[in-house]
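**Q** Can you keep this structure in mind? I'll have questions shortly.
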Amino acid sequence: MSNFSCLGDPVTVACLNLGEAILTIASMLTVMLIIILGNLLVVVTVYRDRKLRLQRQNWLIISLALADLLVGLLVMPLTLIYEIIGEWKMGNVLCEMWLALDVLFVTASILHICAISLDRYFSVTSPLTYPAKRTPKRMFIYIGVSWVVSLLICLPPIFGWRPERRPGECAVSTDIGYVLYSSLGSFYIPVIILVIVYAKIYSITIKHSRQRLKETERRDNTLSLLTAKPSTKQIVELELLEENSDGDEKDNSTNKEAINQVCWHLRKISEELPTVKLKKVSATQRILHTFDPKRVVLPKSEKELNAEKRRRKLKAKERQATLLLGIILSAFILSWLPFFVMYVIGAFGYEAPAVVFKFFFWLGYCNSGINPVIYTVFNREFKRGLCRQLRKFERYVEPITDFYK
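Numbered per my numbering, the sequence shown spans residues 22 to 426.
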């Protein structure tokens, strides 16, 4: 091994002792395999599962997974070789291609997370109208813009926007103008958009939760009666009056009038709906003993129950998607913020220790392996789709294993 590798960078694998070198290489290979296998699993699961494939928002996830997968397949192997050898020996053309692909796929991954958050925001703010607007054209625009902007950020160094490199060196451009241009486009602007969008989504979710709580409290203080006719149904809500603890005669009289109205409506229901059976009630006192005037619950129709079940299911999906986006956002910021801070301050001459820079550089790569883990662990639909694919694979493999027994 030439002395240049240790002189140029004393923390490359080539300059470590055997134990440290093995541990470093094993860690890098582990990260690379997690990225490749995890994202490949996401792509295959969505592609082969019709239910997931028909949900157009998952097209963004497929494109994101492809960007992360290409980081593991095309970028990281060359990064690992560079770390092991300690200097670049694969030619200037391959160096330019490697750096461009690195910036391209990493930026595309970041911008896809931004596009997914915007799609989620429109879905939360316009739950009734946005699903119809989530057309293939809109999804392709999101995906296309993410990749085109990434190309605009990765290509300038190829056309000369970089300082001259030393022999055996292959590093991202340290030109101050390009550093500011690329870091703003690849990280700082997207992260500002992500934080604002997610804050709005969180605010809307909290607002919806409070509204549902108020509606629940209001329903607890009302009596809903279902009146039916041969062709129509309507809900009659009677506001129940609470009894005063002082036993005021006037309030008791008002309560009795309200209960008489309840009796009248109950008799009306018993006449019009054969399925509703009511015992004969002759006196207000008997009604007082039979019903609690503060809380009277009548069975809901099957249609109402099904509608309520669907609403609960939709709200649960909304909360789950918001939580998922928050986890992805947090993982993304924690993974890439340290690197981009050091990347910018390094252009102004404040370079961090090489070992620290390399650690945060690889931490950024780890984000490409975190996304597929988040999808499978925290997303119920992905877990179900993955389980369906694993069961199909098991049915395919079982006859082969039985044959060799």
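Just so it is clear, CB atoms sit at the ideal spot from N, CA and C, and this is done for glycine as well.
Closest by CA to S203, which one among E185, L101, E190 and P177?
**A** Here residue 203 refers to the residue found at position 182 of the sequence shown. Ranking the options by Cα distance to S203, first place goes to P177.
**Q** Roughly how far, in whole angstroms, is the beta-carbon of L91 from the beta-carbon of F126, given that I think they are within contact range, below 8 Å?
**A** Reading the sequence shown from its first residue, position 70 is the one you call residue 91. Reading the sequence shown from its first residue, position 105 is the one you call residue 126. Their Cβ separation, rounded to whole angstroms, is 5 Å, which keeps L91 and F126 in contact under 8 Å.
**Q** CA-CA distance, T45 and R74?
**A** For this step, residue 45 is matched to residue 24 along the sequence shown. For this step, residue 74 is matched to residue 53 along the sequence shown. Answer to the nearest angstrom: the Cα atoms are 38 Å apart.
**Q** Using 8 Å as the Cβ pair cut-off and three pairs as the minimum, do the segment 92 to 107 and the segment 381 to 395 touch?
**A** Verdict: yes, contact present.
**Q** Give the DSSP-derived three-state secondary structure of K110 in the structure shown.
**A** As a first step, residue 110 is located in the sequence shown; it is residue number 89 there, counting from the start. Coil at K110, not helix or strand.
**Q** May I ask which residues mark the beginning and end of the alpha helix (DSSP H) holding L85?
**A** Taking the sequence shown and counting its residues from 1, one reaches residue 85 at position 64. Note, L85: alpha helix (DSSP H), Q78 to L91.
**Q** Would you mind working out which of L61, R409, A136 and V96 sits nearest I213, comparing C-alpha positions?
**A** On the sequence shown, position 192 is the one that residue 213 refers to. When each option's Cα is compared against that of I213, the closest is A136.
**Q** Could you pull the start and end residues of the alpha helix (DSSP H) that G40 belongs to?
**A** Along the sequence shown, one-based indexing puts residue 40 at 19. Looking at the DSSP string, the run of the alpha helix (DSSP H) that includes G40 is L39 to R69.
**Q** Specify the secondary structure class of P188 as computed by DSSP and reduced to three states.
**A** Taking the sequence shown and counting its residues from 1, the one referred to as residue 188 is at position 167. Correct three-state label for P188: coil.
**Q** With distances taken from CA atoms, which of L61, L132, E117 and S138 is nearest I348?
**A** Along the sequence shown, read from residue 1 onward, the residue named residue 348 stands at position 327. Selected option, being the one with the closest Cα: S138.
**Q** Using a 10 Å radius around the Cβ and a threshold of 16 neighbouring Cβ atoms, would you call F353 buried or exposed?
**A** In the sequence shown, residue 353 corresponds to position 332, counting from 1. Buried, by the Cβ-count rule.
**Q** Just checking, does the segment 400 to 408 make contact with the segment 49 to 69 on the three C-beta pairs under 8 Å criterion?
**A** With the cut-off at 8 Å, the segment 400 to 408 and the segment 49 to 69 touch.
**Q** Give the straight-line distance between the Cα atoms of G40 and L355, rounded to the nearest whole angstrom.
**A** Start at 1 with the first residue of the sequence shown, and residue 40 comes out as number 19. Start at 1 with the first residue of the sequence shown, and residue 355 comes out as number 334. Using only the alpha carbons, I get a separation of about 29 Å.
**Q** Counting only beta-carbon separations shorter than 8 Å, does V124 have a partner in chain B?
**A** The chain inventory of the structure shown lacks chain B, comprising one protein chain alone.
**Q** Within the continuous alpha helix (DSSP H) that includes I179, where are the two ends?
**A** Looking up residue 179 in the sequence shown gives position 158. Run containing I179: none; DSSP gives neither H nor E here.
**Q** Roughly how many angstroms separate the alpha carbons of W182 and H229, rounded to a whole number?
**A** By 1-based counting over the sequence shown, the position of residue 182 is 161. By 1-based counting over the sequence shown, the position of residue 229 is 208. Cα to Cα, the separation comes out at about 49 Å.
**Q** Counting pairs of beta carbons, one from the segment 113 to 125 and one from the segment 150 to 159, are three or more of them closer than 8 Å?
**A** With a cut-off of 8 Å, the segment 150 to 159 and the segment 113 to 125 do not count as touching, because too few Cβ pairs lie within range.
**Q** Measure the Cβ-Cβ separation of R77 and P157 and say whether it is below 8 Å.
**A** What you label residue 77 is simply residue 56 of the sequence shown in a count that begins at 1. What you label residue 157 is simply residue 136 of the sequence shown in a count that begins at 1. Yes. Within cutoff.
**Q** Below 8 Å between beta carbons: does that hold for V96 and L132?
**A** As a first step, residue 96 must be located in the sequence shown, where it is residue number 75. As a first step, residue 132 must be located in the sequence shown, where it is residue number 111. Their beta carbons are not under 8 Å apart, which means V96 does not touch L132 by this criterion.
**Q** Indicate the three-state DSSP secondary structure (helix, strand or coil) for V193 in the structure shown.
**A** The residue labelled residue 193 in the question sits at position 172 within the sequence shown. If DSSP states are grouped into helix, strand and coil, V193 belongs with coil.
**Q** Kindly indicate which three-state DSSP category G104 falls into: helix, strand or coil?
**A** As a position in the sequence shown, residue 104 is number 83, starting the count at 1. Per the sequence presented here, residue 104 reads as Glu, with Gly not at that position. Helix.
**Q** I'd like the list of long-range same chain contacts for F456, defined as Cβ closer than 7 Å, with 5 residues on each side in sequence excluded.
**A** The requested residue 456 does not occur in the structure, where the chain is confined to residues 22 to 426.
**Q** So, for K221: in the same chain, excluding its five sequence neighbours on each side, which residues have a beta-carbon less than 6 Å away from its beta-carbon?
**A** Position 200 of the sequence shown holds residue 221. Nothing listed; no residue qualifies.
**Q** Using 8 Å as the cut-off, can you tell me whether the segment 157 to 169 makes contact with the segment 372 to 382, which would need three or more C-beta pairs spanning the two stretches below that distance?
**A** These segments do not touch.
**Q** Buried or exposed: where does A392 fall if 16 or more other Cβ atoms within 10 Å of its Cβ makes it buried?
**A** By 1-based counting over the sequence shown, the position of residue 392 is 371. Here residue 392 turns out to be Asn, not Ala, going by the sequence shown. Answer is buried; the Cβ neighbour count reaches 16.
**Q** Go ahead and label S167 buried or exposed: buried means 16 or more other beta carbons lie within 10 angstroms of its beta carbon, across all protein chains shown.
**A** For the purposes of this step, residue 167 is taken as residue 146 along the sequence shown, with counting starting at 1. Buried, because 16 or more other Cβ atoms sit within 10 Å of the Cβ of S167.
**Q** Who are the Cβ neighbours of C175 in its own chain at under 6 Å, not counting the five residues just before and after it?
**A** For the purposes of this step, residue 175 is identified with residue 154 of the sequence shown, where counting begins at 1. Only A121, V124 and L125 meet the Cβ criterion.
**Q** Rounded to whole angstroms, what is the Cα-Cα separation between I83 and L58?
**A** Looking up residue 83 in the sequence shown gives position 62. Looking up residue 58 in the sequence shown gives position 37. Approximately 14 Å, taken between the alpha carbons.
**Q** Given K72, which residues of its chain have a CB within under 6 Å of its CB, disregarding the five upstream and five downstream residues?
**A** Residue mapping note: residue 72 aligns to position 51 of the sequence shown, counting from 1. Taken in chain order, the list of residues that qualify is empty.
**Q** Output yes or no for whether 8 Å exceeds the beta carbon distance between V145 and T51.
**A** For the purposes of this step, residue 145 is identified with residue 124 of the sequence shown, where counting begins at 1. For the purposes of this step, residue 51 is identified with residue 30 of the sequence shown, where counting begins at 1. Going by C-beta atoms, V145 is not nearer than 8 Å to T51.
**Q** Does the beta-carbon of L345 have 16 or more other beta-carbons within 10 angstroms, so that it is buried, or is it exposed?
**A** For the purposes of this step, residue 345 is taken as the residue at position 324 of the sequence shown. Its Cβ being crowded by 16 or more others within 10 Å, L345 is buried.
**Q** Where does the unbroken alpha helix (DSSP H) through P374 begin, and where does it stop?
**A** Working through the sequence shown from its first residue, we reach residue 374 at position 353. Here P374 belongs to no alpha helix (DSSP H), and DSSP marks it neither H nor E.
**Q** Name the two residues that bound the continuous alpha helix (DSSP H) containing Y151.
**A** Reading the sequence shown from its first residue, position 130 is the one you call residue 151. Run containing Y151: Y151 to K154, per the alpha helix (DSSP H) assignment.
**Q** Assuming R409 and D89 make a contact with CB atoms under 8 Å, what is their CB distance in whole Å?
**A** Along the sequence shown, one-based indexing puts residue 409 at 388. Along the sequence shown, one-based indexing puts residue 89 at 68. Actually they are not in contact, since the Cβ atoms of R409 and D89 sit about 23 Å apart, beyond 8 Å.
**Q** Measuring CB to CB, does L81 end up less than 8 Å from I164?
**A** Within the sequence shown, residue 81 is the residue found at index 60, counting from 1. Within the sequence shown, residue 164 is the residue found at index 143, counting from 1. Contact: yes.
**Q** Is Y219 buried or exposed, if buried means 16 or more other CB atoms sit within 10 Å of its CB?
**A** Residue mapping note: residue 219 aligns to position 198 of the sequence shown, counting from 1. Under this definition Y219 is a buried residue.
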